[in-house]
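J.: Residues in the first sequence are numbered consecutively from 95, following the numbering used here. Cβ atoms here follow ideal geometry from the backbone N, Cα and C, with glycine treated the same way.
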Amino acid sequence: MGIRIHNTLTRRKEDFRPIEPGHVGIYVCGPTVWDYMHIGNARPFVFFDVVRRYLRYRGYIVRYVQNFTDVDDKIINRANQLGLDPMVMAEDYIKAYFEDAGALGVAAADVHPRASLHIEEIIAMVQDLIAKGYAYEIDGDVYFSAAKDPQYGSLSGQSLDDLKAGARVEIDERKRAPEDFALWKKQKPGEPAWPSPWGPGRPGWHIECSAMVREHLGRTADIHGGGSDLIFPHHENEAAQSRAANGAPLANYWVHNAFLNIDGEKMSKSLGNFIVPREIMKRYRPETLRFFLLSAHYRSPLNFTEDQLKAADASLERLHNALAVLEQWQAVTSREVMDDEERKLLGRLTAHRERFIAAMDDDFNTADAISALFELTRDVHATMGPGSSKELVGAVIGLYHELGDILGLLRREAPATLDDEVERLITERQEARRRRDWAESDRIRDELAGRGIILEDTPQGIRWKRK
RNA sequence: GGCGACAUAGCCAAGUGGUAAGGCGGAGGUCUGCAAAACCUUUACCCCCGGUUCGAAUCCGGGUGUCGCCUCCA
């Protein structure tokens with residue numbers, strides 16, 4: 095009856111039990127800020143945003159932490175290519191992240207820690223790991239010795255031997271073993287660096303998350319999430335470091351989303367087959383991309399095509415229409431008392447809500463939860479009308495917003511306004527219709543359509559919307 | 001080569017033992033001045049072959065195919 099979450103570590107769904115009852119600490123791997131996010135990157139951000147919203151809806155006090163990797167090879171390379179200061183460039187892409195995330199309805203995390211601002215904590219953890227015998231320094235670099243961790247490989251389900259057998263990358267001769275990974279990297283010319291006991295250098299990729307989880311959530315996070323490509327090596331290594339340093343698991347529930355593919359292939363910057371949210375939002379309402387990303391279960395790969403985006407937009411339109419119609423009814427109805435049929439529907443609202451909740455409880459099944467919204471919609475259309483009672487209409491609108499807020503959809507928009515010219519045309523058209531001058535009426539409707547205003551004549555008057 | 005996912009209608013996608021949700025698209029109809037919105041009807045040999053079971057899309061085994069990971073990756 096509670097929330098169940100698929101745990102990458104155990105490969106099955108488990109009942110969710112936070113460490114501290116009523117509180118949840120979530121850490122999600124955020125972007126490496128070397129470029130704009132693309133819609134593949136957007137998938138985890140949107141999904142985990144929903145996880146957070148849902149946990150809050152279910153009454154948990156959620157602490158949500160999402161980092162920015164702002165010290166990294168890719169950032170340095172890019173900045174050097176462009177002749178920019180890496181930290182300045184990172185700052186610009188952090189700003190861009192917030193713009194894109196905001197447009198997607200992804201709220202800011204409670205904390206957005208940055209690697210560059212946690213150097214002290216990182217150094218402390220590396221020192222600790224050396225002291226405990228898990229790490230070793232070679233000439234300014236520090237490596238973690240994977241073989242020292244008996245559980246190494248447990249997250250990705252690979253043994254050290256498997257990994258050695260499959261190794262496809264050049265072995266760094268400085269390391270004692272190929273599976274060892276860098277905790278601290280000695281400064282190379284032209285790279286940003288911080289002083290450390292091993293000389294100037296910068297943190298390796300994996301250590302930042304371990305240090306920042308400990309700093310902001312304590313030794314063990316309830317949920318640690320990210321894209322499935324992070325399972326190995328990133329999360330495997332994080333888990334190993336934190337286990338070694340803290341004697342406690344980094345996270346109790348590991349949650350990984352599948353990829354967004356395009357033309358059947360993983361969308362990635364290195365393949366060059368990526369699309370950026372800001373481009374999509376020029377052509378579709380902002381919610382469309384979010385709806386699309388939530389239309390499949392997060393552990394299923396999702397293939398991006400223009401047709402699917404159109405279909406998502408059409409689907410979302412149906413929900414928006416339902417809400418708009420309800421709002422129109424709300425404005426015209428004066429009936430206070432519900433009749434028997436309405437009382438039955440009011441009862442069914444609970445069933446619709448419960449179906450939605452059951453879907454979300456079951457490993458955040460957003461696709462199934464969305465279908466509950468459509469079932470609600472059909473029920474509403476079949477049962478209600480402009481004469482429905484105020485109370486029922488209000489309750490239904492309330493439910494749309496209650497459930498829509500969990501998914502970050504059906505956002506309340508500021509009441510749209512029309513300019514005087516458009517108002518005048520609509521009035522003229524109404525007069526033409528009164529005269530039964532259909533030619534003039536249709537001409538005005540077409541003209542307004544050309545300006546992006548769609549008119550619908552209803553018995554309760556004109557309804558308009560933009561598109 | 002190793003590890004792991006996935007395969008459900010024209011498209012997308014839920015469904016983990018009891019006889020296939022939902023959406024988009026298509027077809028027909030109702031309503032409408034015409035539209036739109038909405039409603040009704042309609043649109044599935046659940047990849048293949050075995051097995052377990054009274055019963056399998058669902059469990060097990062074997063194929064086939066697609067995808068991901070194997071130290072840049074959400």
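1) So, residue 562 versus residue 315, is the Cβ gap smaller than 8 angstroms?
2) Can you give the Cα-Cα distance for residue 465 and residue 231, rounded to whole angstroms?
3) Can you pull the DSSP bridge partners for residue 382?
4) Can you tell which of 270, 177, 188, 134 has its C-alpha closest to the C-alpha of residue 160?
5) List the endpoints of the continuous beta strand (DSSP E) containing residue 119.
6) Using alpha carbons as the reference points, say which of 139, 483, 235, 392 lies closest to residue 196.
7) For residue 346, is the classification buried or exposed, using 16 other Cβ atoms within 10 angstroms of its Cβ as the cut-off for buried?
8) Could you give the uninterrupted runs of the alpha helix (DSSP H) lying entirely in the region 122–166, keeping only those of 4 residues or more?
9) Can you tell me whether residue 345 is helix, strand or coil according to DSSP?
10) Measuring CA to CA, which of 460, 560, 484 is closest to residue 507?
11) Out of curiosity, what's the CA-to-CA distance linking residue 322 and residue 250?
12) Could you check where the beta strand (DSSP E) with residue 278 kicks off and where it finishes?
13) Please confirm if the region 332–343 is in contact with the region 234–254, defined as three or more CB-CB distances below 8 angstroms between the two stretches.
14) Residue range of the alpha helix (DSSP H) that residue 315 falls in?
15) Can you name the start and end residues of the beta strand (DSSP E) that residue 558 belongs to?
16) Quick check: what's the CA-CA separation for residue 550 versus residue 539?
17) In this structure, what does DSSP give as the bridge partners for residue 299?
18) Taking residue 182 as part of the alpha helix (DSSP H), name the residues at either end of that continuous run.
19) Please give me, in chain order, every unbroken run of the beta strand (DSSP E) with length at least 3 that falls completely inside the region 197–269.
20) Report the residue from 510, 511, 500 whose alpha carbon sits nearest the alpha carbon of residue 151.
21) For residue 423, is the classification buried or exposed, using 16 other Cβ atoms within 10 angstroms of its Cβ as the cut-off for buried?
22) When you compare each of 461, 494, 454, 459 to residue 473 by their alpha carbons, which one comes out closest?
23) Is residue 223 closer than 8 angstroms to residue 405 when the C-beta atoms are compared?
24) With 16 as the cutoff for other CB atoms within 10 Å, does residue 117 come out buried or exposed?
25) Short check: CB of residue 461 to CB of residue 391, under 8 angstroms?
26) Would the beta-carbon of residue 137 fall within 8 angstroms of that of residue 351?
T.: According to the structure data:
1) This structure cannot settle anything about residue 562, because the visible part of the chain is limited to 95 through 561.
2) On the first sequence, residue 465 is found 371 positions in, with the first residue counted as 1. On the first sequence, residue 231 is found 137 positions in, with the first residue counted as 1. Going from the Cα of residue 465 to the Cα of residue 231 covers about 55 angstroms.
3) Counting from one through the first sequence, the residue named residue 382 turns up at place 288. For residue 382, which the question treats as bridged, DSSP gives no partner whatsoever.
4) If you number the first sequence from 1, residue 160 lands on position 66. Among 270, 177, 188, 134, the Cα nearest to that of residue 160 belongs to 188.
5) In the first sequence, residue 119 corresponds to position 25, counting from 1. Here the beta strand (DSSP E) through residue 119 covers 117–122.
6) As a working mapping, residue 196 is identified with position 102 in the first sequence. Ranking the options by Cα distance to residue 196, first place goes to 139.
7) Locating residue 346 in the first sequence gives position 252, counting from the first residue. Result: buried.
8) 133–151
9) Sequence index remark: in the first sequence, residue 345 carries index 251 (1-based). Strand.
10) Taking the first sequence and counting its residues from 1, one reaches residue 507 at position 413. Nearest C-alpha to residue 507: 560.
11) As a first step, residue 322 is located in the first sequence; it is residue number 228 there, counting from the start. As a first step, residue 250 is located in the first sequence; it is residue number 156 there, counting from the start. Between residue 322 and residue 250, the C-alpha separation is close to 10 angstroms.
12) As a first step, residue 278 must be located in the first sequence, where it is residue number 184. From DSSP, the beta strand (DSSP E) with residue 278 extends over 275–280.
13) yes
14) The count along the first sequence starts at 1 and reaches residue 315 at position 221. Where residue 315 is concerned, there is no enclosing alpha helix (DSSP H), although the beta strand (DSSP E) it sits in stretches over 315–321.
15) Walking along the first sequence from the start, residue 558 turns up at place 464. Per DSSP, residue 558 belongs to the beta strand (DSSP E) from 555–560.
16) To locate residue 550, count along the first sequence from 1; it is residue 456. To locate residue 539, count along the first sequence from 1; it is residue 445. Their backbone Cα atoms lie some 9 angstroms apart in a straight line.
17) On the first sequence, residue 299 is found 205 positions in, with the first residue counted as 1. Answer by DSSP bridge pairing: none, since residue 299 is not bridged.
18) As a first step, residue 182 is located in the first sequence; it is residue number 88 there, counting from the start. Start and end: 180–197.
19) 229–232, 235–238
20) Translated into the one-based positions of the first sequence, residue 151 becomes position 57. Here the closest residue by C-alpha is 500.
21) Here residue 423 is taken as the residue at index 329 of the first sequence, counted from 1. By the neighbour-count rule (16 or more Cβ atoms within 10 Å), residue 423 is buried.
22) Taking the first residue of the first sequence as 1, we reach residue 473 at position 379. Nearest of 461, 494, 454, 459 to residue 473, Cα basis: 494.
23) Translated into positions along the first sequence, residue 405 becomes position 311. Translated into positions along the first sequence, residue 223 becomes position 129. Not in contact: residue 405 and residue 223 (Cβ atoms no closer than 8 angstroms).
24) Taking the first sequence and counting its residues from 1, one reaches residue 117 at position 23. It is exposed - the Cβ of residue 117 has fewer than 16 other Cβ atoms within 10 Å.
25) For the purposes of this step, residue 461 is identified with residue 367 of the first sequence, where counting begins at 1. For the purposes of this step, residue 391 is identified with residue 297 of the first sequence, where counting begins at 1. In contact: residue 461 and residue 391 (Cβ atoms closer than 8 angstroms).
26) For the purposes of this step, residue 137 is taken as the residue at position 43 of the first sequence. For the purposes of this step, residue 351 is taken as the residue at position 257 of the first sequence. Taking 8 angstroms as the Cβ cut-off, residue 137 and residue 351 qualify as a contacting pair.
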